[in-house]
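Residue numbers (this note's numbering): 10 to 535.
Note that CB positions come from ideal geometry on N, CA and C, so glycine has one too.
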Amino acid sequence: MSKRFTIFFVWFIALAGIVVPASAATPVAGGTLRIAVSSLQNLQLYKTAQNDITDAQSCIFDTLFAIGKNDFKPIPAFAESWTNPDPLTWVFKLRKGVKFHDDNPVFPKGKSREATAEDVVYSINFMMKTTTAWTLGPVTSVKALDRYTVEIKTQTPQPFLVNDPNRLCRVAIVPKEAIDKLGEDGFAKYPIGTGPFKFKSFSPDSGLLLVKNASYFLPVYLDAVEFVVIPDPISQSIALQSGEVDVIKYLFNLEMADSFEKNANFNVIKSGGGSYRGLGFNVTVEPFNKLEVRKGISMLLDIDVAYKAVIGSHGERAYCQVPPWVPFGYDPSLKSLWAYNPGEGLRLLKANGFSSTDSNGFLQYNGKPFKIEIKTLAGSQTKALTILATQLREKGINASVLTEDTAVWADDLLKGNTGLFFDYSFAGTTGFHSLFHSSMIGMSNTHFYKNADVDATLDKALATTNFDELSALWKKAQKQVFQDVAGIPLYFEYAYSIVNKKVIDFVPPWGGLHLVSTENSVWLSK
Numbered sequence: 010m011s012k013r014f015t016i017f018f019v020w021f022i023a024l025a026g027i028v029v030p031a032s033a034a035t036p037v038a039g040g041t042l043r044i045a046v047s048s049l050q051n052l053q054l055y056k057t058a059q060n061d062i063t064d065a066q067s068c069i070f071d072t073l074f075a076i077g078k079n080d081f082k083p084i085p086a087f088a089e090s091w092t093n094p095d096p097l098t099w100v101f102k103l104r105k106g107v108k109f110h111d112d113n114p115v116f117p118k119g120k121s122r123e124a125t126a127e128d129v130v131y132s133i134n135f136m137m138k139t140t141t142a143w144t145l146g147p148v149t150s151v152k153a154l155d156r157y158t159v160e161i162k163t164q165t166p167q168p169f170l171v172n173d174p175n176r177l178c179r180v181a182i183v184p185k186e187a188i189d190k191l192g193e194d195g196f197a198k199y200p201i202g203t204g205p206f207k208f209k210s211f212s213p214d215s216g217l218l219l220v221k222n223a224s225y226f227l228p229v230y231l232d233a234v235e236f237v238v239i240p241d242p243i244s245q246s247i248a249l250q251s252g253e254v255d256v257i258k259y260l261f262n263l264e265m266a267d268s269f270e271k272n273a274n275f276n277v278i279k280s281g282g283g284s285y286r287g288l289g290f291n292v293t294v295e296p297f298n299k300l301e302v303r304k305g306i307s308m309l310l311d312i313d314v315a316y317k318a319v320i321g322s323h324g325e326r327a328y329c330q331v332p333p334w335v336p337f338g339y340d341p342s343l344k345s346l347w348a349y350n351p352g353e354g355l356r357l358l359k360a361n362g363f364s365s366t367d368s369n370g371f372l373q374y375n376g377k378p379f380k381i382e383i384k385t386l387a388g389s390q391t392k393a394l395t396i397l398a399t400q401l402r403e404k405g406i407n408a409s410v411l412t413e414d415t416a417v418w419a420d421d422l423l424k425g426n427t428g429l430f431f432d433y434s435f436a437g438t439t440g441f442h443s444l445f446h447s448s449m450i451g452m453s454n455t456h457f458y459k460n461a462d463v464d465a466t467l468d469k470a471l472a473t474t475n476f477d478e479l480s481a482l483w484k485k486a487q488k489q490v491f492q493d494v495a496g497i498p499l500y501f502e503y504a505y506s507i508v509n510k511k512v513i514d515f516v517p518p519w520g521g522l523h524l525v526s527t528e529n530s531v532w533l534s535k
């Protein structure tokens with residue numbers, strides 16, 4: 010597989026916060042939890058930010074900490090505690106007695122070994138060397154102070170190293186000898202971690218089966234977890250209703266939310282966050298490399314009509330990409346950038362190469378037929394995009410929506426095979442950096458956007474600890490990006506997980522899917 014980032018997005022879903030309270034009943038051991046996923050092409054670490062893959066991996070591998078279910082703060086996992094003794098130093102105290110999975114090609118049954126600080130050092134360095142999806146920032150050194158203590162040094166203060174779900178929280182603890190013996194590709198086919206579930210079998214076309222790690226340091230009640238591949242969101246809903254699966258981690262077909270809320274067999278878990286929905290430009294592709302063309306297209310869109318027709322009360326209009334549930338950077342004042350003015354929009358287009366119509370009544374560009382193909386993956390947003398495409402067609406722009414398989418869509422974004430595409434956002438405190446910093450071109454910056462002033466502002470923001478200054482920097486960068494019309498914000502969609510009522514103590518994914526943590530352990534009632 011290519012080392013380049015196979016991006017999904019992840020718009021990244023900000024699923025966390027409000028959860029259905031666990032039953033007061035005594036947990037029951039046994040059973041297989043079946044979870045619907047849209048795509049599981051591989052299990053290779055750090056090559057993708059695709060939620061389904063990273064959620065599956067988080068059941069196999071431990072990380073130093075997890076993101077808590079209620080307040081988004083880190084909670085202990087492999088690390089029992091950590092300190093930040095000075096702005097450039099982090100020290101982690103590890104849990105003793107945590108063992109790698111056995112009964113596999115590297116560790117025979119009963120012949121595993123304890124995971125130690127040296128494994129953490131190796132794992133962090135392995136991530137930094139191989140990742141095309143995440144960044145830890147300017148880490149200068151990682152070393153084991155003793156068998157159960159790890160020290161990380163950074164070049165500049167990194168206040169988000171621990172509390173951001175897209176940074177250190179992503180480092181899986183892996184055994185060096187497994188990578189050495191199996192290689193990266195072989196390890197992806199047989200992943201070995203210390204997590205609550207062990208790898209059993211995998212098929213990209215059907216799914217992934219994990220079995221209970223009976224030696225885990227926390228109670229594990231489930232016998233197994235099965236990730237069932239169902240690409241179509243409507244088919245996922247049907248599978249949940251028929252009992253084929255027990256969980257939809259994220260409800261893509263949002264119009265089904267009302268129906269599930271009325272069904273006594275399911276719990277609808279609304280998070281404290283949601284997802285960004287927008288249009289993104291590849292700003293290097295003609296004619297979208299012209300600011301006035303991008304601006305002109307944005308002025309042809311009546312976004313309020315489109316989003317209200319699709320999501321109703323399950324979301325709100327977006328004027329920026331940082332969502333309101335992120336503690337800084339949300340800037341509704343950017344509403345002033347998004348005027349619906351078709352007359353002015355057409356004037357800008359005609360001043361930049363768009364001219365007389367072809368035989369079908371569509372505007373041409375530089376005397377040649379012109380077409381916009383909005384690439385997306387399946388979900389409620391397809392209906393909103395179709396309405397917007399229809400609006401463009403009514404104004405003389407030959408626009409259509411192309412719904413692609415998740416993997417194909419992701420590959421197109423990564424390789425730049427796009428002009429105007431369904432846009433997403435990274436949830437979390439450093440997401441805007443990941444999407445628009447020029448260092449992330451070829452990875453998560455699928456707009457191929459480059460602006461030295463924006464880079465400098467984002468770099469400064471990552472090292473800032475003062476909340477007010479941080480928020481001001483984030484807003485400054487965001488305003489510049491959208492003045493450049495690198496994308497067109499549409500709406501923020503509220504996030505829902507749907508679970509069968511027999512599933513107890515389920516927490517929606519946030520920095521991974523944690524079926525077992527210091528705060529919860531999923532079980533199935535009889």
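- The alpha-carbon of Pro205 is positioned some 19 angstroms away from that of Ser534.
- When Asp232, Ser268, Lys221, Phe236 are compared, the shortest CA-CA separation from Ile243 is found for Ser268.
- The shortest CA-to-CA distance from Pro174 to any of Glu127, Asp189, Asn113, Leu73 is the one to Leu73.
- An exposed status is given to Glu478, since fewer than 16 other beta-carbon atoms sit within 10 Å of its beta-carbon.
- Burial state of Ser47 is buried, judged by a 10 Å Cβ sphere holding 16 or more other Cβ atoms.
- DSSP lists no beta-bridge partner residue for Ser67.
- For the options Thr455, Arg43, Thr474, Phe491, the alpha carbon positioned closest to that of Val463 is the one of Phe491.
- The three-state reading of DSSP puts Asp214 in coil, since its state is none of H, G, I, E or B.
- In the DSSP assignment, Gly496 falls within the unbroken beta strand (DSSP E) covering 496-509.
- DSSP places Trp347 outside any beta strand (DSSP E), giving it a letter other than H or E.
- In this structure the region 333-341 does not touch the region 297-304; the number of beta carbon pairs closer than 8 angstroms is below three.
- In this structure the region 244-253 does not lie against the region 390-397, because fewer than three pairs of beta carbons, one per stretch, are closer than 8 angstroms.
- Secondary structure note for Asp155: its beta strand (DSSP E) is the uninterrupted segment 148-155.
- Shown here for Ser506: same chain residues with a beta carbon closer than 6 angstroms to its own, the five before and five after excluded, namely Lys258, Ile278, Pro517 in chain order.
- Less than 7 angstroms divides the Cβ of Val331 from the Cβ of Gln487.
- Judged by DSSP secondary structure, Val417 falls within the alpha helix (DSSP H) whose first and last residues are 415-424.
- When DSSP states are grouped into helix, strand and coil, Asp194 belongs to the helix group.
- The beta-bridge partner set that DSSP reports for Ala58 is empty.
- Gln66 has its alpha-carbon roughly 20 angstroms from the corresponding atom of Asp514.
- Within the model, the alpha-carbon separation for Ser215 versus Phe196 is close to 20 angstroms.
- Between Thr57 and Ala233, the C-beta spacing is not below 7 angstroms.
- When secondary structure is reduced to three states using DSSP, Pro336 falls in the coil class, being assigned neither helix nor strand.
- Annotation: Ile201 to Thr473 spans about 37 angstroms, alpha carbon to alpha carbon.
- In the DSSP assignment, Asp95 falls outside any alpha helix (DSSP H) and within the unbroken beta strand (DSSP E) covering 88-95.
- Across the set Leu52, Pro240, Asn113, the C-alpha of Pro240 shows the shortest separation from the C-alpha of Val417.
- Around the Cβ of Pro83, a 10 Å sphere holds 16 or more other Cβ atoms; the residue is buried.
- In this structure Leu227 is exposed. Its beta-carbon is surrounded by fewer than 16 other beta-carbon atoms within 10 angstroms.
- Note on the region 73-146: whole beta strand (DSSP E) runs with a minimum of 3 residues are 74-76, 83-85, 88-95, 98-103, in chain order.
- Met308 and Ser212 have their C-alpha atoms roughly 45 angstroms apart.
- With a cutoff of 7 angstroms on beta-carbon distance, Phe116 and Phe109 are scored as near each other.
- Around the Cβ of Ala348, a 10 Å sphere holds fewer than 16 other Cβ atoms; the residue is exposed.
- Taking 7 angstroms as the cut-off, the Cβ atoms of Arg43 and Glu235 count as close.
- Residue nearest to Phe87 within the set Pro94, Asp71, Glu325 is Asp71 (criterion: CA-CA distance).
- Considering only Val129, Asp95, Thr140, the residue with the shortest C-alpha distance to Leu54 is Thr140.
- Around Lys152, the same chain offers Val130, Glu160 as residues with beta carbons nearer than 7 angstroms, after the five sequence neighbours per side are excluded.
- Using a 10 angstroms sphere on the CB of Pro498, the tally of other CB atoms reaches 16 or more, which defines it as buried.
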